[in-house]
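There are 2 protein chains.
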Amino acid sequence: MESVVVATLDQQPEDARGFSPLPSNGICGRLGDKWTVQVLWRLSLASGKKLRFSALKKEIDGVTQRMLTLALRNLERDGLVARHYFPEVPPRVEYELTEMGSGMLRALEGINSWLMDNLSRIEENRRVYDDAEQR
Amino acid sequence: MESVVVATLDQQPEDARGFSPLPSNGICGRLGDKWTVQVLWRLSLASGKKLRFSALKKEIDGVTQRMLTLALRNLERDGLVARHYFPEVPPRVEYELTEMGSGMLRALEGINSWLMDNLSRIEENRRVYDDAEQR
DNA sequence: CGGAATCCAGTAGGATACTG
DNA sequence: CAGTATCCTACTGGATTCCG
Chain A
22 MESVVVATLD
32 QQPEDARGFS
42 PLPSNGICGR
52 LGDKWTVQVL
62 WRLSLASGKK
72 LRFSALKKEI
82 DGVTQRMLTL
92 ALRNLERDGL
102 VARHYFPEVP
112 PRVEYELTEM
122 GSGMLRALEG
132 INSWLMDNLS
142 RIEENRRVYD
152 DAEQR
Chain B
22 MESVVVATLD
32 QQPEDARGFS
42 PLPSNGICGR
52 LGDKWTVQVL
62 WRLSLASGKK
72 LRFSALKKEI
82 DGVTQRMLTL
92 ALRNLERDGL
102 VARHYFPEVP
112 PRVEYELTEM
122 GSGMLRALEG
132 INSWLMDNLS
142 RIEENRRVYD
152 DAEQR
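Quick mapping for you: the protein sequence lines, in order, are chains A and B. Numbering-wise (the working numbering), the first sequence opens with residue 22 and increments by one. Numbering-wise (the working numbering), the second sequence opens with residue 22 and increments by one.
This is how it looks when you write it as structure tokens:
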């Protein structure tokens, strides 16, 4: 029996090499990218209301049009965000979280709060490590 | 009051722009990289026992020496992994999870199980989206 | 307005060879 | 054994321009 920590992670069927790889890598290459989580986050703050592209762009500091577009496309593709296109003049596009999207955000609460609790310790560790310099 | 989903995420002091950014990006660029989580995972499976560099390399499928070294260095720098160097001939180096490291892994359980539950749906969504092709 | 297209710089990551 | 050192490629992400 492994440690309790990983017990639930071990439910995945083992692969040909005889161990269960974490799906975290690969599947969430998405999570690792620079903007995806921030987009989900801003949409969730809207709590059910839809947000226009320009609103998202204004609220997510530093994101470029291209990166926001790419992030939204990937989220839409995964079914985490719904895109509503209104063929008006000028055109209007609104985005909202899907059920799945908000579920994923909920699932992120664990690491997020852990990070908030441990961020300063990590930064301190890095400082110490870097000060030690050449070993 | 925001949605329940993000309530606990909102405890962070707001920044100058008036909203609380998720720390998930930036702090865990680490989490987003290709090998970090897998290294933590393999170390946790050892449950307290230390693992040698070569053991890790053998068990983490596809990782190169360089990438494993970099991942371990970063984890050590953050204080998530402890490195024990034995100046023998030939040299021996052993790695183990720190308390902090296993805490982080525990905190990852949320997304991990969510991903395992939703992976097939996501893949299906992607398939449908890609089949729709040109919109 | 909400992109798409293009160009470009920086970096993550892989292959290979060498070393204390 | 456990790395460093190089080299190289591919992808991320930024800036800019154009389009329906």
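For every residue, glycine included, the Cβ atom is placed at its ideal position computed from N, Cα and C.
Rounded to whole angstroms, the gap between the alpha carbons of Asp82 of chain A and Tyr106 of chain B is 43 Å. In its chain, beyond the 5 residues on either side, Leu64, Ala67, Gly69, Lys70, Lys71, Leu72, Val102, Ala103, His105 have a beta carbon closer than 8 Å to the beta carbon of Glu117 of chain B. By the C-beta criterion, the stretch 129-139 of chain A is judged to be in contact with the stretch 124-131 of chain B, since at least 3 inter-stretch pairs fall below 8 Å.
Rounded to whole angstroms, the separation of the alpha carbons of Leu96 of chain B and Asn139 of chain A is 14 Å. Around the beta carbon of Arg94 of chain A, fewer than 16 other beta carbons sit within 10 angstroms, so the residue counts as exposed.
Counting C-beta atoms within 10 angstroms of its own C-beta, Glu144 of chain B has fewer than 16 neighbours from the protein chains shown and is therefore classed as exposed. The alpha carbon of Met137 of chain B has as its nearest neighbour, out of A:Gln59, A:Thr85, A:Gly124, the alpha carbon of A:Gly124. Setting aside the 5 residues that flank it on each side, Leu52 of chain A is surrounded in the same chain by Val58, each with a C-beta closer than 7 Å to its C-beta; the list follows chain order.
The beta carbon of Arg127 of chain A sits closer than 8 Å to no other beta carbon from its chain once the five residues preceding and following it are set aside. Using a CB distance below 7 Å, the part of the stretch 101-135 of chain B facing chain A consists of Met121, Ser123, Gly124, Met125, Leu126, Arg127, Ala128, Leu129, Glu130, Gly131, Ile132, Asn133, Ser134, Trp135, ordered along the chain. Between Pro111 of chain B and the set B:Ser75, B:Ala92, B:Gly100, the nearest pair of CA atoms involves B:Ser75. The contact set of Arg142 of chain B on chain A, defined by CB atoms closer than 8 Å, consists of Gly100, Met121 in chain order. Judged by DSSP in its simplified three-state form, Glu109 of chain B adopts coil rather than helix or strand. Per DSSP, reduced to three states, the secondary structure at Val84 of chain B is coil, with no helix or strand assignment. Rounded to whole angstroms, the separation of the alpha carbons of Ala153 of chain A and Asn146 of chain B is 49 Å. Around the C-beta of Val84 of chain A, 16 or more other C-beta atoms lie within 10 Å, and the residue is accordingly described as buried. Annotation: the continuous alpha helix (DSSP H) that includes Leu140 of chain A extends over 130-153. Neighbours of Arg87 of chain A across chain B, judged by C-beta separation under 7 Å, do not exist; the nearest C-beta is about 17 Å away. Of all alpha-carbon atoms in A:Lys79, A:Trp135, A:Gly100, A:Glu115, the one lying nearest the alpha-carbon of Arg148 of chain B is that of A:Gly100. Contact of Arg147 of chain B with chain A is assigned, a C-beta pair being separated by under 8 Å.
Collapsing the DSSP output to three states places Ala76 of chain A in a helix. Under the three-state reduction of DSSP, Ala92 of chain B is assigned to helix.
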